[in-house]
Amino acid sequence: MATVAVLAGALLLPTGAALASGPGASPSPSGSGSSSASSDDTLPGVTQLLTSQNGQAPSCLTPSTKNTQATPWPQTFLRPDQAWQLSQGAGVTVAVLGSGVSDGAGLLSGRLDDAPKLPGGGDPAHDCVGHGSFLAGLIAAAPRGGTGFAGLAPGARILAVGVTDNTGASSPDLLAKGIRAASDKGARVIDVGVTLPGGSDALAAAVHDAVGKGALIVAPAAVDTVPQTQDGSSPPPPAPVYPAAYPEVLAVRDLGPGGTLTQGSTPVGGRVDLAAPGDAVMSVGPAGSGYYTGAGASFATAFVAGSAALALSYRPDQTEAQLAHRLEATAYRLGGALPDPQFGYGSVDPVAAVTTVLPTPSGAAPTVRAAKLAMPPARPASSAPSTAVTVALAALAVIALAALAAVVVPRGRARGWQPPQRGTQREFG
718 MATVAVLAGA LLLPTGAALA SGPGASPSPS GSGSSSASSD DTLPGVTQLL
768 TSQNGQAPSC LTPSTKNTQA TPWPQTFLRP DQAWQLSQGA GVTVAVLGSG
818 VSDGAGLLSG RLDDAPKLPG GGDPAHDCVG HGSFLAGLIA AAPRGGTGFA
868 GLAPGARILA VGVTDNTGAS SPDLLAKGIR AASDKGARVI DVGVTLPGGS
918 DALAAAVHDA VGKGALIVAP AAVDTVPQTQ DGSSPPPPAP VYPAAYPEVL
968 AVRDLGPGGT LTQGSTPVGG RVDLAAPGDA VMSVGPAGSG YYTGAGASFA
1018 TAFVAGSAAL ALSYRPDQTE AQLAHRLEAT AYRLGGALPD PQFGYGSVDP
1068 VAAVTTVLPT PSGAAPTVRA AKLAMPPARP ASSAPSTAVT VALAALAVIA
1118 LAALAAVVVP RGRARGWQPP QRGTQREFG
C-alpha cells in the first residue's frame, strides 16, 4: 500500500488540470505548477481487508489528517460535474454493502441511512475498516471548498449495509442477507464492496430477487490484491469471484490513470462488463476530515454505482435492465470487439449515461443485459412494412395516379378547364 500512497500523491492534479482525454473529459487549461507531489503529500491507504501485524489483531483505520486542494485524476477523467446541471442523483438510494459507513468528513450529511444490523455482520454505522466509508464518498460525497474532490452523485442517498466483520471478511450467506436488506429498503443501486471465492444458493437467490425488484447490482470482477503464497511460488490462475460471477450482476474492473491497465493490476478470472477508475483513487474515510487512497476493482465499482445514480435520477422510470443497458451502451470504448475480455463495454461515462438519447424502440425492453450486445436491439421486422411491400405500394400509387390523369385531363380540356355547372350530372359519377 505504500506504493499506492506514493502514486496517489503524484496523481493529484491542480484544480482545473486535465490528465487525458476520457469519457467526460474536455480540454481545459492546465493549472500552474507541477502535478507531482512530494512524499509529504502522500495519503494513508484504505484496503478491503485489514490484516494482522506482527501477530497482533488488526486495529481500526487511523483517522486521516491529510488534505489537498488538488483534483484526483478520476474526477478529471470522468468529469461528472458536466452532468450536474441535469442530475446530481437526487431521489436515488445507493446501498453500500461492506464494512459500514461513518461520515467522518460530514460530506454525506442528511443523506446517510443505516440498514438494520445483520446477524454475523458489523454495525453499519461504525466502519472500523474504512472501506465502506471510502466507497460512499466516491459515490455521493458533497463538494466542499478548496478541493477538487467530490462524489459522482452528490445528491444521492447512501444506505449503509454491514456485510463484513471488523476485518472486512464476509461470507455468501451474510452477503445474501445484505442484498435482501438493501432491496427491501428500496435501494435502486447496490454497490457490493466485497469479493467472495464462491457463491451459494442463498446468495444466488438474493441476487435474483433484488434484480427482480428493480435493483441494479454492481460488484468487483476481481480481488483487490492477489494473496501471496507462503513458499514464494506463483499464485494460482485467477478465478471468477462472487457475486460478480452471476450474470445478473454488473462485473466491474479497475483502470489506471488515462484509462489503461496499470502494471501489477489484479488479473480477472471471469466476465468483465464495465471498467472504471480504480488505481490510486482518493476519497474520505470513517474518521477525520482528511483523505485516503485505495486501489483495486472494489473501488472502481463506486464510480459505476455513482454513474448509475446520475442516470437513474435523470430518467427515474428506467428498469434495472434499461439502466444496465444504458451504462454499457454509453461506455467509453477501450477495447476491440464488444464485449472486450479486458474492458467489457469500456469505461463508464457518467456524462454520456445521463445525456445520451438511445435509439431503443418505444415500449421494447433492451436485450443487451441478457444477450450482452453492443448496440440497442433492432426494431422487430413485424413492426414496419418490408422493403418489398413498400416498393409495391408505391408502384400501385403511381399507376392509379396515371389512370386518373388519363380521364381528368381530356375532360378538363373539353370544358376549357371550367368547373361543372350546378345541377348537371357529376363528372365521375
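In this text, residue positions in the sequence shown follow the numbering used here: the first is 718, and each later residue adds one.
The C-beta atom is built at its ideal place from N, Cα and C for all residues, glycine as well.
Please read all numbers here as calculations on a predicted model, not as lab measurements.
Where does I934 sit, in a helix, a strand or coil, going by DSSP? I934: strand per DSSP, three-state reduction.
Span separating the alpha-carbon of K783 from that of P791: Roughly 19 Å between the two C-alpha positions.
Helix, strand or coil: how does DSSP classify P791 here? Residue state, collapsed to three classes: helix.
With H, G and I counted as helix, E and B as strand and the rest as coil, what does DSSP make of V911? Three-state DSSP puts V911 in coil, outside helix and strand.
With DSSP as the reference, label G973 as helix, strand or coil. In the structure shown, G973 sits in a strand (DSSP, three-state: E or B).
Starting from Y1049 and walking both ways along the beta strand (DSSP E), at which residues does that stretch end? Taken as a continuous stretch (DSSP letters only), Y1049 belongs to no beta strand (DSSP E), as it is neither H nor E.
Does DSSP classify Q980 as helix, strand or coil? Note: Q980 maps to coil in three-state DSSP.
Which residues mark the beginning and the end of the alpha helix (DSSP H) in which Y1031 is found? It spans A1014 to Y1031 - the alpha helix (DSSP H) in which Y1031 sits, taken as one unbroken run.
Same chain only: Cβ atoms within 6 Å of R988, ignoring 5 sequence neighbours per side: Once the five neighbours on either side are set aside, the close Cβ partners of R988 are A968.
Cβ contact check for the stretch 928 to 940 and the stretch 1047 to 1056: 3 or more pairs under 8 Å: Touching, no.
Using the Cα positions of A774 and L766, report the straight-line distance between them to the nearest angstrom. About 13 Å.
Can you tell me whether V924 is helix, strand or coil according to DSSP? It is helical.
Helix, strand or coil, according to DSSP, for A1159 in the structure here? It is not possible to answer for residue 1159, since the shown part of the chain is limited to 718 through 1146.
Reduced DSSP category for S826 - H, G, I as helix; E, B as strand; rest coil: The three-state secondary structure of S826, taken from DSSP, is coil.
For A899, name the three-state secondary structure that DSSP assigns. A899 sits in a helix when the DSSP states are folded into three classes.
My parser needs the beta strand (DSSP E) runs of 3 or more residues fully inside the stretch 872 to 899; what are they? 874 to 879, all fully within the stretch 872 to 899.
Buried or exposed for A961, please, with buried defined as at least 16 other CB atoms from any protein chain shown within 10 angstroms of its CB. Using a 10 angstroms sphere on the CB of A961, the tally of other CB atoms reaches 16 or more, which defines it as buried.
So, with DSSP's three-state summary, where would you put T1073? DSSP places T1073 in the coil class of the three-state scheme, outside both helix and strand.
Between the alpha carbons of T1073 and P952, how many angstroms are there, rounded? Looking at the two C-alpha atoms, the distance is approximately 43 Å.
Rounding to the nearest angstrom, what Cα-Cα distance links L1121 and E1037 in this structure? Only weak support exists for where L1121 lies, its pLDDT of 45 falling under 50; the value from the coordinates is given anyway. Approximately 56 Å, taken between the alpha carbons.
Return the Cβ separation of R874 and D830 in integer angstroms, given the expectation that the two are a contact with Cβ distance under 8 Å. At roughly 6 Å, the Cβ-Cβ gap stays under 8 Å, so R874 and D830 are in contact.
Classification of H925 by the beta-carbon crowding that lies within 10 angstroms, buried from 16 upward: Of the residues assessed, H925 falls on the exposed side of the cut-off, its CB having fewer than 16 other CB atoms within 10 angstroms.
Considering S850, what are the terminal residues of the alpha helix (DSSP H) in which it resides? For S850, the enclosing alpha helix (DSSP H) starts and ends at H848 to A857.
Could you name the residues of the same chain whose beta carbon sits closer than 7 Å to that of L824, not counting the 5 residues immediately before and after it, in chain order? Within the same chain, G854, A858, A859, R861 and V1001 come within 7 Å of L824 by CB-CB distance, once the 5 residues on both sides are set aside.
Quick check on this structure: which residue in D901, L920, R905 and A904 has the alpha carbon closest to the alpha carbon of D890? Of D901, L920, R905 and A904, the smallest CA-CA separation from D890 is found for L920.
Assign N771 to one of two classes, buried (16 or more other C-beta atoms within 10 Å of its C-beta) or exposed (fewer than that). Classification of N771: exposed, given that the 10 Å Cβ count is below 16.
Beta carbon of Q786, beta carbon of T864: below 8 Å? Contact flag set, yes.
Using a threshold of 8 Å, state whether the C-beta atoms of H848 and S887 are closer than that. Cβ atoms of H848 and S887: not closer than 8 Å.
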